[in-house]
Amino acid sequence: MYTTYSYYDILEISENASIEEIKQKFQKLLLHHHPDKFQQFQQKSLLKPTTNNKSDEISNVTNSNKIKVNDDKINKILEAWHVLRDPESRKIYDNNLREVDLDDMEYNEDMKSYSISCRCNGLYIISEDDLDQGA
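What the sequence shown shows, in the UniProt record's numbering, is residues 1 to 135, in sequence order.
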C-alpha cells in the first residue's frame, strides 16, 4: 500500500493558501530540487580526491538514484503548480479532494471490495480486509 499526497502536500502549503503563497513555495521548491542545482552540487563533490574502491562504485549508483528521485520530485512539483495556479482547475481539484464515504463507492461482492473513480483517472479500491485493518 502506498501513500498519495495532495498537491497541497507536495507544495507544502495549506489548502487555503493564496495564489501568491503558492507561487512563492513553487519557486522555492523548484529551485531547491532543480536538477541543474543538484548537478552543480555533485560536480563540486566530484572535485574531491577519491579512491578506486567498491564504496566509490556504490556512491556513484546512489548519486544516479538521487538524480532520478529529484526528477520525480520536480515532476510532482510542476504538476501541482499547473493545477493550483489556475483558479478554475484548483476549484475542480478541491472538489475532487473531498473525503469519500463508503456509501459513495461501488461494492463488488466477488472481490469483497469497494471502488470509486479517482481524480487521477484510475480506480481507488479498498478491500474489506483493508477496512478491518483500519485503512
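Quick reminder that beta carbons are idealized off the backbone N, C-alpha and C, glycines included. These figures come from a predicted structure and were not determined experimentally.
In whole angstroms, what is the alpha-carbon distance linking LYS112 and LEU131? 11 Å
For LEU84 versus ARG90, is the C-beta spacing smaller than 8 Å? yes
Go through the segment 80-127 residue by residue and report every complete run of the alpha helix (DSSP H) that reaches 4 residues or more, in order. 87-96
Classify GLN133 as helix, strand or coil using the three-state DSSP reduction. coil
Using the three-state DSSP reduction, which class does TYR5 fall into: helix, strand or coil? coil
Exposed unless 16 or more other CB atoms sit within 10 angstroms - verdict on ASP25: Contrary to the premise, residue 25 reads as Lys rather than Asp in this sequence. By the 10 Å Cβ count, LYS25 comes out buried.
On the DSSP letters alone, give me the boundaries of the alpha helix (DSSP H) that LEU11 sits inside. Unbroken run through LEU11: none, as it is neither H nor E.
Could you give the DSSP three-state label for HIS34: helix, strand or coil? coil
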